[in-house]
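**Q** Here you go, one structure.
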Amino acid sequence: MRILKYALSFTLLAAMAVTASAQNYFNSRSLANKLKKGTTPECEIVAVDNSESLLHTADSIAALSDINRPNIMFLPVVFTSYKMMQPMALEQPDTVASLTKHEMPTIEIDNEWIEDLSWRNRFENEHLQRLAVESPWLVPYNLSMLPEPPKQYEAKLDVKKNILTIEVRKLEVPEAAPEHDLKRKNWIHAFDATLQFSQAYMTDNWYQGGEKNINLLAHLWYNLKLNQTLHPRLLFDLTTQYKLGVNSAPADELRGYNINEDLFQLNMQFGIKATKRFYYSMNMQFKTQMLQNFQTNTWKMKASLLTPGELNAGVGMAYSTKNKRGNVTFDASLSPLSYNMKMWRANYKLLDDNGEMLHPDKLEHQVGSSGEVKFGWAMTRNISLSSRIFAFSDYSYLQGDWETTLSFSINKFLSTQIYAHVRFDDSQKITDNNNSHWQFKEVFSFGLQYKFR
């Protein structure tokens, strides 16, 4: 390749030299004739050395760019393997000018060097392979036919034997990474556990009064989802959680503690895709208390396992979407046909002030409509907001719950939560102790957490 290059260059140089000599000869004759006739020449003829320009024009590869080619372009060509390459532009790309308005980077960085390096590497591979394909007689070497490189030796001193030995130098070649079978991950699991607490202490003669107390709140949460990347036409979401809140109650002489939160809840959603973001869906919700809870200083029970218990199931349509970053999710479902069942396993223990059962029937059935809306927003890596609204109506009463949780993760094991729960139930009778259909609960807690994703 170098021989052809220099031969072509010298041939063109010789041709240009002969042409220049001929022009100078005829120009000098013309100038002499004009001087003899007494006329003044219009311009002065000057000879210019244009060998660099001629050499640059003669080299077809060098004419493509002003950048010097690396040394590999001037070494003997070695055929390695044939690669399928996309056609490339002959000129180096102007990276900034080629970017569209929407593709402009938000942070100004100087990446011209890596673009230039990538273009050079592509340039070398493209032309060396083209040479091997179109002119194989100019490729003297084949990688598979090259001899082994000569061995390298090193001298080692044996101090004990006082001798010098010559050994072959061992090249340390890193071992190839073991091959792993990539398994399809059909199910996505998530687990969250928190144990949060608050404590207050004061002496008996504290000027404002009050009672010392300790509050504990435990929360276990587990979520199972079907991987929609592998199953884009199906939707399955299962969430199980249990909340238990206990606080010390010095005023309760029978027990000394009070259960202010006891909830086991199971939510399931299954859907088949109807359009891009809509699904034919079936929803199910079940919730109950797990422990017995009594009124202060009495053995009159307020709640226990499946007393009460509530099951809701419905069919309808669901909508699911998220933003491009994946940190904001929105899910909504509407079930025009919904079934609701309430149960009181130990209804004989739930008595009013007159000693009569509050719920004579152990089971109650209603048919109506239900709807659910869920919103999640991961504001930052450590701050997240989740909200859920659920409502059911049999067209004679309306029952709804709105739960919102704002979480602050201080580190992997410490977190702070603000939990708010608004409930509306107009099936409850208005009494002296219950003067509104609206109920509200708020908990601010700090403590330990553990997450698994």
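Residue 143 in our numbering sits at position 108 of the sequence shown, with consecutive numbering throughout.
Note that the Cβ used here is the ideal one computed from N, Cα and C, for glycine as well.
All of these numbers come straight from a predicted model, not from anything done at the bench.
1. May I have the straight-line CA-CA distance separating tryptophan 379 from leucine 385, to the nearest angstrom?
2. What does DSSP give as the partner residue(s) for arginine 423 in the beta ladder?
3. Tell me whether asparagine 375 is buried or exposed, calling it buried when 16 or more other Cβ atoms sit within 10 Å of its Cβ.
4. Can you grab the Cα-Cα spacing for the pair leucine 217 / threonine 264, in whole Å?
5. Cutting at 7 Å between CB atoms, please list the residues of its own chain near glutamine 474, excluding the five before and the five after it.
6. For the beta strand (DSSP E) that contains isoleucine 445, what are its first and last residues?
7. May I have a chain-ordered list of the beta strand (DSSP E) segments no shorter than 3 residues that lie completely inside the stretch 266-337?
8. Please work out which residues of its chain come closer than 7 Å, Cβ to Cβ, to arginine 312, disregarding the five sequence neighbours upstream and downstream, and give them in chain order.
9. In the DSSP assignment, what are the bridge partners of alanine 253?
10. Secondary structure at alanine 381, three-state DSSP: helix, strand or coil?
11. Would you identify the three-state DSSP class for serine 339, choosing helix, strand or coil?
12. Per DSSP, which residues does valine 350 bridge with? Please list them.
13. Closest to asparagine 362 by C-alpha separation, out of Met352, Ser419 and Ser373, would be which residue?
14. Tell me the DSSP secondary structure of methionine 392 in three-state form.
15. Within 10 angstroms of its Cβ, does tyrosine 533 collect 16 or more other Cβ (buried), or is it exposed?
16. Between Asn302, Gln401 and Gln327, which lies nearest to lysine 409 when the distance is taken from Cα to Cα?
17. I'd like the list of long-range same chain contacts for asparagine 258, defined as Cβ closer than 6 Å, with 5 residues on each side in sequence excluded.
18. Can you give me the C-alpha to C-alpha distance between asparagine 293 and aspartate 287, rounded to a whole angstrom?
19. Return the CA-CA distance between lysine 377 and aspartate 272, expressed in angstroms with no decimal places.
20. Do leucine 369 and glycine 344 have their C-beta atoms closer together than 8 Å?
21. Look at the Cβ atom of serine 462, then the Cβ atom of serine 428, and state whether they are nearer than 8 Å.
22. Need the endpoints of the beta strand (DSSP E) that tryptophan 509 sits in, please.
23. I think glycine 482 touches glutamine 234, with their Cβ atoms under 8 Å apart; what is that distance to the nearest whole Å?
24. Helix, strand or coil: how does DSSP classify glutamate 202 here?
25. Within 8 Å (strictly less), CB to CB, does lysine 322 reach chain C?
26. Need the endpoints of the beta strand (DSSP E) that leucine 192 sits in, please.
**A** In brief:
1. The alpha-carbon of tryptophan 379 is positioned some 9 Å away from that of leucine 385.
2. In DSSP, arginine 423 forms a bridge with Lys409 and Glu438.
3. In this structure asparagine 375 is buried. Its beta-carbon is surrounded by 16 or more other beta-carbon atoms within 10 angstroms.
4. Annotation: leucine 217 to threonine 264 spans about 15 Å, alpha carbon to alpha carbon.
5. Counting only Cβ-Cβ distances below 7 Å, and skipping sequence neighbours, we find Arg458.
6. Here isoleucine 445 belongs to no beta strand (DSSP E), and DSSP marks it neither H nor E.
7. Listed in chain order, they are 269-283, 292-308 and 313-323.
8. Closer than 7 Å at Cβ, skipping near neighbours: Tyr354, Ser355 and Thr356.
9. Alanine 253 is bridged by DSSP to Leu230 and Leu279.
10. Alanine 381: coil per DSSP, three-state reduction.
11. In the structure shown, serine 339 sits in a strand (DSSP, three-state: E or B).
12. Looking at the DSSP assignment, valine 350 forms a beta bridge with Met317 and Leu372.
13. Selected option, being the one with the closest Cα: Ser419.
14. Methionine 392: strand per DSSP, three-state reduction.
15. Nothing in the structure corresponds to residue 533, since the chain is present only between 36 and 488.
16. Residue Asn302 is the option with its Cα nearest to lysine 409.
17. Cβ neighbours of asparagine 258 within its own chain (closer than 6 Å, five residues either side excluded): Ala225 and Thr274.
18. Rounded to whole angstroms, asparagine 293 to aspartate 287 spans 8 Å at the Cα level.
19. When rounded, the distance between both Cα atoms is 24 Å.
20. When the beta-carbon positions are compared, leucine 369 and glycine 344 stay at least 8 Å from each other.
21. Not a contact, by the Cβ cut-off of 8 Å.
22. Outside the shown range of the chain (36 to 488) lies residue 509, about which nothing can therefore be said.
23. Their Cβ separation, rounded to whole angstroms, is 11 Å, which puts glycine 482 and glutamine 234 out of contact at 8 Å.
24. Note: glutamate 202 maps to strand in three-state DSSP.
25. Absent from the structure: chain C. Only one protein chain is present.
26. Where leucine 192 is concerned, the enclosing beta strand (DSSP E) starts and stops at 188-193.
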